[in-house]
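Undergrad:
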Amino acid sequence: MRVWGARTLSSDAGFRYINVRRTFNMISESIEQGTQWVTFEPNRPELWESVKRVVFFFLKSLW
Numbered sequence: 012m013r014v015w016g017a018r019t020l021s022s023d024a025g026f027r028y029i030n031v032r033r034t035f036n037m038i039s040e041s042i043e044q045g046t047q048w049v050t051f052e053p054n055r056p057e058l059w060e061s062v063k064r065v066v067f068f069f070l071k072s073l074w
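Shown next as structure tokens:
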């Protein structure tokens, strides 16, 4: 990545600016770390509701 006017070299317009990319990376890594407990849980509707709830409240806390 090359910094030039707070922009990346990405061709994707959504990730053109460094602050957007860094925020996305932080959110992605946080969700991955915060849902590690899901790995060995049985795949049930209750699990998916729990995961949605965890992710929802995390994203809401960022808003």
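Numbering (this note's numbering), first residue to last: 12 to 74. Note that the Cβ used here is the ideal one computed from N, Cα and C, for glycine as well. Small disclaimer: the values here were computed from a predicted structure and weren't measured.
1) For a quick check, are the C-beta atoms of Val66 and Ile42 less than 8 Å apart?
2) Are the CB atoms of Thr50 and Val62 nearer to each other than 8 Å?
3) State the beta-bridge partners of Arg55 as determined by DSSP.
4) Quick check: Arg27 and Thr19, are their CB atoms within less than 8 Å of each other?
TA: Well, looking at it:
1) Cβ atoms of Val66 and Ile42: closer than 8 Å.
2) The answer is no: Cβ separation not under 8 Å.
3) None; Arg55 has no bridge partner.
4) Contact: yes.
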